[in-house]
């Protein structure tokens, strides 16, 4: 479908590019279809509507009726007025969408940040508890090894003293060579130990 007379495309030109509120041919076609539907089933331009029937002549018209056209205007003026109104509505919709989008992103970010903070806190607690558990295990293991080492040293010392007692005579000797010297006489079988006391 061709664009409206005097307009190639309708755009939300002053809204940021992230708004993505460009009115393409499909939206324009939908607007024309709506206008055709309204024109087909609505009253004549000069006819009073249901709200105007009970209104007195001195009462002002509502803001929504600011684009009511007289019978004397040609079709181009009618379309231009509807086009301006459509642009105004689209701009309002874009602004509302942009505000909603920024509010949604901000609330999502805050919610997501608090969730991340909670997860990080939980992970830190898990790491701390596992680290403490690991340190306790290492401490217990080292204590057990130290106890085993002390026990082994004590056994070794006891074994060493026992071996020294077994290898040493009950009385100390001053001259090992003199103890074993004996004088023997061939005839009487008398043995004299000179160092014996």
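Numbering (UniProt numbering), first residue to last: 1 to 197. The beta carbon of each residue, even a glycine, is placed where N, CA and C say it ideally should be. Only a predicted model underlies this, so the values are computations on that prediction, with no experimental measurement involved.
In its own chain, which residues sit with a C-beta less than 8 Å from the C-beta of residue i, not counting the 5 before and 5 after it?
{"i": "residue 155", "result": "none"}
{"i": "residue 162", "result": "none"}
According to DSSP, is residue i helix, strand or coil?
{"i": "residue 168", "result": "coil"}
{"i": "residue 23", "result": "Confidence is the limiting factor: at residue 23 the pLDDT is only 47, short of 50, which leaves the residue's position unreliable, though a coordinate-based value still follows. Note: residue 23 maps to strand in three-state DSSP."}
{"i": "residue 2", "result": "Legend: pLDDT at residue 2 = 48, less than 50; position of this residue unreliable, value from coordinates given subsequently. In the structure shown, residue 2 sits in coil (DSSP, three-state: anything other than H, G, I, E or B)."}
Report buried or exposed for residue i, applying the criterion of at least 16 other Cβ atoms within 10 angstroms of its Cβ.
{"i": "residue 110", "result": "exposed"}
{"i": "residue 86", "result": "buried"}
{"i": "residue 90", "result": "buried"}
{"i": "residue 75", "result": "exposed"}
{"i": "residue 56", "result": "Because the pLDDT of residue 56 is 45, which lies under 50, any placement of that residue in the model is unreliable, and the number read from its coordinates should be weighed accordingly. Classification of residue 56: exposed, given that the 10 Å Cβ count is below 16."}
Just to confirm my understanding: we take residue i, look at its own chain, exclude 5 residues before and 5 after, and list those with CB closer than 6 Å. What are they?
{"i": "residue 141", "result": "none"}
{"i": "residue 134", "result": "none"}
{"i": "residue 115", "result": "none"}
{"i": "residue 31", "result": "86"}
Between residue i and the rest of its own chain, which residues show a CB-CB distance below 7 Å, the 5 nearest in sequence each way excluded?
{"i": "residue 35", "result": "82"}
Quick one: does the C-beta of residue i sit closer than 8 Å to a heavy atom of the ligand FMN?
{"i": "residue 103", "result": "What this structure holds is no ligand at all, so the ligand FMN is not there to describe."}
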